[in-house]
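Worksheet: one structure, shown below.
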Amino acid sequence: MTKQIVMLLSNAYRPDPRVQREARGLTEAGYQVTIICWDRCAELPQNERDGQINIIRVTDVISSYGSGWRQLFYLPRFWRKAIKLARKLKPDVVHCHDLDTLYAGWQLKKQTNCALIYDAHEHYPALMSLYLPQFMTHALVKWERWLRQHAEITITASSILCDEFTKPPPTYTLGNYPEIDDFLQVHDEDALALRRTWGVNPDTLLVAYIGGFSRNRLLLPLIETAVSLPHVQFHLWGDGQQRKDVETAVSQHPNTHYHGWLPYKDLPLHFRAVDIIYYCLRQDYPGAIYNAPNTLPQAMAAARPIIASDIGDLGRMVGNTNCGILLSTTTPDTIAAAIRQLEPAAIREKLGKNGRFAAQQTYNAHTTQQQLIQIYQDLTGIPS
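To convert a position in the sequence shown, counted from 1, into our numbering, add 64.
Written out as C-alpha cells, the structure is:
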C-alpha cells in the first residue's frame, strides 16, 4: 500500500523551492505526497496539482507576512484547519516545514499515530528576532526544543544548526541545492539575448542580487556601490520587506535596476545571464550563522562567482569550494573592492568553474533527494 505523506507549510507554495524538490523526490520514489499550505492573501487555487504532488491551500485565514506577534491571532486558525484537512488523508508521515507548523504536526501525530518529521529550513527563533521582542524569541527556543523531542527525525538546511541539535531525535542536513541539469541546459546565446533585453552589452560587467528582500539582507549597500562603479550594472530581482527602500534607492542611480520577483523556472537563465552574484547578510542578525541560502548553490550551478558574507554555512561553502569572494564586513567600499577583483574575465571563469564542479559533485538536488528517500525508507520501509 502506498505510503501517505502530508507536508505542512506556512506559505502559499508558489512553489517553495525546497519543499517542491523534497516532494518531487518522494513522489518519484513511490510515495503519495500532499502539501497543505497557507495562502494568507487568498491569491492561488485552493486545490492544485504540481506534477504528482497534491496541493491543498488554506485560503480562508487572511493574514500577511512580516506581521510579527500579530500572527498569533491567525496562526492557530491555520493549524486547526490544516489538522482537519490532514486527518482525512490518514497520513503515515507528517512532514513539518519550519517551526510554525510543528505544533500542528505534533497534534496530528497524537491523533493519527503517524510519524513526525521536523524540517528546519532555518534557525526559526533567530529569524523571528527580526520581528518579535526578545522574550518571545527566547520562548520560541524553548518551544522548539520541547516540540522537537516528539519528532522521529529532524532535518536541517544548515550544517551548523545540525551541529547544535545534539539531543534526540536524530538530525540530518539536507542543503538547499538546485536541479543541476536545469542550469547545465542553459545556452550562452540565450543568456546573451536576455542581456540585450536589459540593454546590457556582453562587455559590460553585470552584478546581480536574486532572492528575497527580508530585513537580514544587505541590499542598500550593494545599490550604493553603483556610485563608485559607474561602468558596472547592478540589477536586483526579488520581493519582501525592503522592496520600497530598494525601489527608492535604484531610482537614484542610472546603473541600478529593479525587475520585480523572478519565477523559479526563470532562475537558471537569469543566473547565467549575469556576471557576478551578490549575497550578503547583516552581521548583527542572529540567524546569519545558520543561513543556508538557495542563491549560493544556484550561482555555483550556473558557474557564476559570488560575493558573500564570511559567516556560517555561507562562508563555509564558499571557502571550501573557492567559488567566490568572502567579505568580513559589508560596505559599499568592500563590495566595490570585491567587484574590482572580479573584473578580469579569467578570474570569474576560474571561480565559476570551481563552483560548478562542486555543484555537479555534491551540491545538487539529486544528492539531497537520495538522502531524503533513504531517511524515509529507514523510517517507514519501502513506499509501496
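C-beta atoms are modelled at their ideal positions from N, C-alpha and C, and glycine is treated no differently. Only a predicted model underlies this, so the values are computations on that prediction, with no experimental measurement involved.
Between which two residues does the alpha helix (DSSP H) containing residue i stretch?
i, result
"residue 432", "429 to 444"
"residue 334", "331 to 337"
"residue 188", "188 to 192"
"residue 142", "139 to 153"
"residue 454", "Look at the range of the chain in this structure, 65 to 448, and you will see that residue 454 is not part of it."
DSSP state of residue i, grouped into three classes?
i, result
"residue 203", "helix"
"residue 301", "strand"
"residue 71", "strand"
"residue 314", "helix"
"residue 166", "helix"
"residue 328", "helix"
"residue 354", "helix"
"residue 126", "coil"
"residue 381", "helix"
"residue 198", "helix"
"residue 415", "helix"
"residue 172", "helix"
"residue 348", "coil"
"residue 408", "coil"
"residue 364", "helix"
"residue 135", "helix"
"residue 208", "helix"
"residue 402", "helix"
"residue 422", "helix"
With DSSP as the reference, identify every bridge partner of residue i, one or two as the case may be.
i, result
"residue 373", "391"
"residue 158", "70 and 180"
Since residue i and residue j should fall inside the 8 Å C-beta cutoff, what is the C-beta to C-beta distance between them, to a whole number of angstroms?
i, j, result
"residue 423", "residue 337", "About 18 Å; that fails the 8 Å criterion."
"residue 357", "residue 319", "The pair is not a contact, with the Cβ atoms about 25 Å apart (cut-off 8 Å)."
"residue 279", "residue 194", "5 Å"
"residue 255", "residue 299", "Incorrect: roughly 13 Å between the Cβ atoms, too far for contact."
"residue 340", "residue 283", "With 8 Å as the limit, residue 340 and residue 283 do not qualify as a contact, their Cβ atoms being about 15 Å apart."
"residue 221", "residue 351", "About 12 Å separates the two Cβ atoms, so there is no contact after all."
"residue 173", "residue 158", "7 Å"
"residue 160", "residue 182", "5 Å"
"residue 378", "residue 355", "6 Å"
"residue 68", "residue 156", "5 Å"
"residue 359", "residue 349", "Not quite, the Cβ-Cβ distance comes to about 16 Å (not below 8 Å), so this is no contact."
"residue 139", "residue 211", "Not really, about 14 Å apart at Cβ, beyond 8 Å."
"residue 388", "residue 371", "6 Å"
"residue 90", "residue 437", "7 Å"
"residue 196", "residue 132", "6 Å"
"residue 102", "residue 137", "With 8 Å as the limit, residue 102 and residue 137 do not qualify as a contact, their Cβ atoms being about 14 Å apart."
"residue 443", "residue 216", "6 Å"
Locate the beta strand (DSSP E) running through residue i, then write down its first and last residues.
i, result
"residue 119", "117 to 122"
"residue 113", "111 to 114"
"residue 102", "96 to 102"
"residue 340", "340 to 343"
"residue 426", "Looking at the DSSP string, residue 426 is not in any beta strand (DSSP E), and its letter there is neither H nor E."
"residue 295", "No beta strand (DSSP E) holds residue 295; DSSP gives it neither H nor E."
"residue 77", "Looking at the DSSP string, residue 77 is not in any beta strand (DSSP E), and its letter there is neither H nor E."
"residue 321", "320 to 322"
Quick one: is the Cβ of residue i within less than 6 Å of any heavy atom of the ligand SAM?
i, result
"residue 441", "Questions concerning the ligand SAM fall outside what the structure shown contains, since it holds no ligand whatsoever."
query: Taking the runs of the beta strand (DSSP E) that are 3 residues or longer, which of them lie wholly in the segment 214 to 293?
result: 217 to 220, 235 to 237 and 270 to 274
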